Amino acid sequence: MSTVREFSTLESCPRLLRILLLCLLPLLLAEIVVADERQYPETVPRVDLDRYVGTWYEIARLPNSFQRQCSGNVTADYRRLDDGNIGVVNRCIDKNGALDEAHGVARVVDKSTNAKLEVSFVSIFGWRLFWGDYWILYLDDDYTHVVVGTRNRRYAWILARAPTLSAPARDRCRRILQRAGYDPDELIDTRQTQ
Numbered sequence: 095m096s097t098v099r100e101f102s103t104l105e106s107c108p109r110l111l112r113i114l115l116l117c118l119l120p121l122l123l124a125e126i127v128v129a130d131e132r133q134y135p136e137t138v139p140r141v142d143l144d145r146y147v148g149t150w151y152e153i154a155r156l157p158n159s160f161q162r163q164c165s166g167n168v169t170a171d172y173r174r175l176d177d178g179n180i181g182v183v184n185r186c187i188d189k190n191g192a193l194d195e196a197h198g199v200a201r202v203v204d205k206s207t208n209a210k211l212e213v214s215f216v217s218i219f220g221w222r223l224f225w226g227d228y229w230i231l232y233l234d235d236d237y238t239h240v241v242v243g244t245r246n247r248r249y250a251w252i253l254a255r256a257p258t259l260s261a262p263a264r265d266r267c268r269r270i271l272q273r274a275g276y277d278p279d280e281l282i283d284t285r286q287t288q
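Note that my numbering has the sequence shown beginning at 95, numbered continuously upward.
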């Protein structure tokens, strides 16, 4: 009889283990998600969107496919929309010397800081598709230059209110990108002739 009990106890142990694992699985998955979020680049603590809107000149960027045609004079114009979102117009001169424009919308994802936004340049019948990260990693106190990136560190930009940026400010932006896990040596300087 004790053999049967031992056998029964051994059989129930894997079942108990399965139940325990099922109970712990959500906690383990939550820890993985939290650990993954800790590895995202850190954003600035607060952005005043009314001060942020306006024209920004691209100083440098990580290479990307959607700006491949741009040869210089890259700008981004942001304006507040009635619905609380931000209208976006990106412009550049393409390799043939023609003006290229992309119109989009940005929306705030983290309303406690306004530092995490998403941008979409694709609209079908008024529906916005394919939102991409626009995270403000650094913003000068005077809102004269900014470092923007994405959570996956695939894209990054250095923008300024003027077509040029001082060497010390550029170096600071490069250091910020490096500390955030980007490779600043991959940055492409943007030709501005405006």
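Think of the CB as a built atom: it goes at the ideal place given N, C-alpha and C, for glycine as much as any other residue. Every value quoted in this text rests on a predicted model; they were computed, and no experiment measured them.
Local Cβ density within 10 Å of residue i, reported as buried at 16 or more and exposed below that
{"i": "A192", "result": "exposed"}
{"i": "W251", "result": "buried"}
{"i": "N190", "result": "exposed"}
{"i": "M220", "result": "Checking the sequence shown, residue 220 turns out to be Gly, not Met. G220 comes out exposed."}
{"i": "L119", "result": "Any reading at L119 needs caution, since the residue's pLDDT is 43, under 50, leaving its predicted position unreliable; the model's value is listed next. That one is exposed."}
{"i": "P278", "result": "buried"}
{"i": "V216", "result": "exposed"}
{"i": "L231", "result": "buried"}
Residue i, enclosing alpha helix (DSSP H) - first and last residue
{"i": "R155", "result": "Unbroken run through R155 is the beta strand (DSSP E), 148 to 155; no alpha helix (DSSP H)."}
C-beta contact flag for residue i and residue j at 8 Å
{"i": "H239", "j": "L259", "result": "yes"}
{"i": "V182", "j": "V199", "result": "yes"}
{"i": "Y134", "j": "A254", "result": "no"}
{"i": "V141", "j": "T244", "result": "no"}
{"i": "Q286", "j": "P257", "result": "yes"}
{"i": "C186", "j": "D194", "result": "yes"}
Where residue i falls: helix, strand or coil (DSSP)
{"i": "E195", "result": "strand"}
{"i": "L143", "result": "helix"}
{"i": "A261", "result": "helix"}
{"i": "R185", "result": "strand"}
{"i": "C117", "result": "Summary for C117: the model assigns pLDDT 45, below 50, so the residue's position carries little reliability; its value from the coordinates is reported in the next sentence. Helix, per DSSP."}
{"i": "E280", "result": "helix"}
{"i": "R266", "result": "helix"}
{"i": "R222", "result": "strand"}
{"i": "S206", "result": "coil"}
{"i": "R285", "result": "coil"}
First and last residue of the uninterrupted beta strand (DSSP E) at residue i
{"i": "L233", "result": "226 to 233"}
{"i": "V240", "result": "239 to 243"}
{"i": "S165", "result": "164 to 174"}
{"i": "E212", "result": "210 to 214"}
{"i": "A254", "result": "250 to 254"}
Just checking, does the segment 155 to 164 make contact with the segment 136 to 147 on the three C-beta pairs under 8 Å criterion?
no
Answer yes if the segment 226 to 234 comes into contact with the segment 206 to 215, meaning at least three C-beta pairs across the two stretches below 8 Å, and no otherwise.
yes
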